[in-house]
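What follows is a set of notes on a single structure, which appears directly below.
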Amino acid sequence: MIRIERSPVAPPSLSAGNHYDGADVREALFRDARAKCYLCEQVVVQSGFQIDHLQPKGQYPLRTCDWKNLFCSCPKCNNKRKKTWPSGGLLVPDVDDVEGRLRQEIDHDGTVSFSARDPNDSAASNTASELMRLHGSEDPVLRKDIENALLKCLQRAYLLRQELKKLHKEDESWHRKRLELKRLLGRGAPFTALLRSRMQDKLSKKLFD
Ligand SMILES: [Zn+2]
């Protein structure tokens, strides 16, 4: 999970208060989320993502058309999310320091883990448990799918880093490979937070946006 820069002005169709999925809302959510699910950070397509209500609309009907309660989610995460608001709440990716309050890590074999940096931070702990579940802690098939996709990105990042270390800046391919690694670790690419946890060397960190 990474921070989201939400467009400050709510899309006009929300003001009628009777639907939350107008074309303007979808367009703004998709753009603000950089075409990724805000929960699992996998790429979504504009015609296929779902609008998730961070505070579930069943429990908070008054927030159904509240711009600040809407997020761009993949169908899997939206359907698997708990439909009740936990005691202590959840982190809000465009308000809270999600990257600072969550520890988001991937092991060398692709095993994913999420936890709160401060065990007394209940919103971060609740978010971490939700992210564990959405990454397949109770669903081995889903877990394997995500691990495989993650490992593919991680292996490419490792290879590029290794190659860059051997090349000189004057080499023709240096800029190309550097740009590819920058894109791979960028906020617009899948799994930003998890990938970055294993790319903490000086060369890679310089490329973080
Ligand atoms: Zn997702």
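The numbering of the sequence shown is our numbering, which starts it at 7 and goes up by one. The beta carbon of each residue, even a glycine, is placed where N, CA and C say it ideally should be.
request  = To the nearest angstrom, report how far apart Gly142 and Lys211 are at their CA atoms.
outcome  = Reading the sequence shown from its first residue, position 136 is the one you call residue 142. Reading the sequence shown from its first residue, position 205 is the one you call residue 211. Rounded to whole angstroms, Gly142 to Lys211 spans 28 Å at the Cα level.
inquiry  = Between the alpha carbons of Leu185 and Leu170, how many angstroms are there, rounded?
reply    = Here residue 185 refers to the residue found at position 179 when the sequence shown is read from its first residue. Here residue 170 refers to the residue found at position 164 when the sequence shown is read from its first residue. Answer to the nearest angstrom: the Cα atoms are 11 Å apart.
Test item, CB below 5 Å from any non-hydrogen atom of ligand 1 = Cys43, Leu45, Cys46, Cys80, Cys83
task = With a 10 Å radius around its C-beta and 16 neighbouring C-beta atoms as the bar for buried, classify Leu68 as buried or exposed.
result = Against the sequence shown, residue 68 aligns to sequence position 62. By the neighbour-count rule (16 or more Cβ atoms within 10 Å), Leu68 is not buried but exposed.
query = How many Å lie between Arg202 and Pro125 at the Cα?
reply = The residue you call residue 202 lines up with position 196 of the sequence shown. The residue you call residue 125 lines up with position 119 of the sequence shown. Each residue's Cα considered, the two are about 22 Å apart.
message = Here's the rule I'm using: 16 or more other beta-carbon atoms within 10 Å means buried, otherwise exposed. How should Val51 be labelled?
response = Position 45 of the sequence shown, counted from the start, is the residue given in the question as residue 51. Looking at its Cβ environment, which holds fewer than 16 other Cβ atoms inside 10 Å, Val51 is exposed.
query = Does Cys78 get closer than 7 Å to chain C when you measure Cβ to Cβ?
reply = This model lacks chain C altogether, as it is built from one protein chain only.
query = How many Å lie between Glu111 and Ala199 at the Cα?
reply = Taking the first residue of the sequence shown as position 1, residue 111 is located at position 105. Taking the first residue of the sequence shown as position 1, residue 199 is located at position 193. Looking at the two C-alpha atoms, the distance is approximately 8 Å.
ask   = Is it buried or exposed for Asn24, if we count other Cβ within 10 angstroms and need 16 for buried?
value = Taking the sequence shown and counting its residues from 1, one reaches residue 24 at position 18. Exposed: under 16 other Cβ atoms inside 10 Å.
Exposed unless 16 or more other CB atoms sit within 10 angstroms - verdict on His59 = Working through the sequence shown from its first residue, we reach residue 59 at position 53. Buried, by the Cβ-count rule.
task = Could you tell me whether the Cβ atoms of Asp72 and Ile10 are closer together than 7 Å?
result = As a first step, residue 72 must be located in the sequence shown, where it is residue number 66. As a first step, residue 10 must be located in the sequence shown, where it is residue number 4. No.
query = Apart from the five residues just before and just after Asp215, which ones in its own chain have a Cβ nearer than 7 Å to its Cβ?
reply = Counted from its first residue, the sequence shown places residue 215 at position 209. So the list reads Gly192, Arg193, once near-sequence residues are dropped.
message = Using a 10 Å radius around the Cβ and a threshold of 16 neighbouring Cβ atoms, would you call Asn132 buried or exposed?
response = Residue numbering aside, residue 132 sits at position 126 when the sequence shown is read from its first letter. The residue in question, Asn132, is buried, as its Cβ has 16 or more Cβ neighbours within 10 Å.
inquiry  = Looking at Cys83: is its Cβ nearer than 7 Å to the Cβ of Leu108?
reply    = Residue mapping note: residue 83 aligns to position 77 of the sequence shown, counting from 1. Residue mapping note: residue 108 aligns to position 102 of the sequence shown, counting from 1. No, the Cβ-Cβ distance between Cys83 and Leu108 is not below 7 Å.
ask   = Going straight from the alpha carbon of Lys183 to that of Ile152, what length do you get?
value = Indexing the sequence shown from 1 puts residue 183 at position 177. Indexing the sequence shown from 1 puts residue 152 at position 146. The alpha-carbon atoms of Lys183 and Ile152 are separated by roughly 25 Å.
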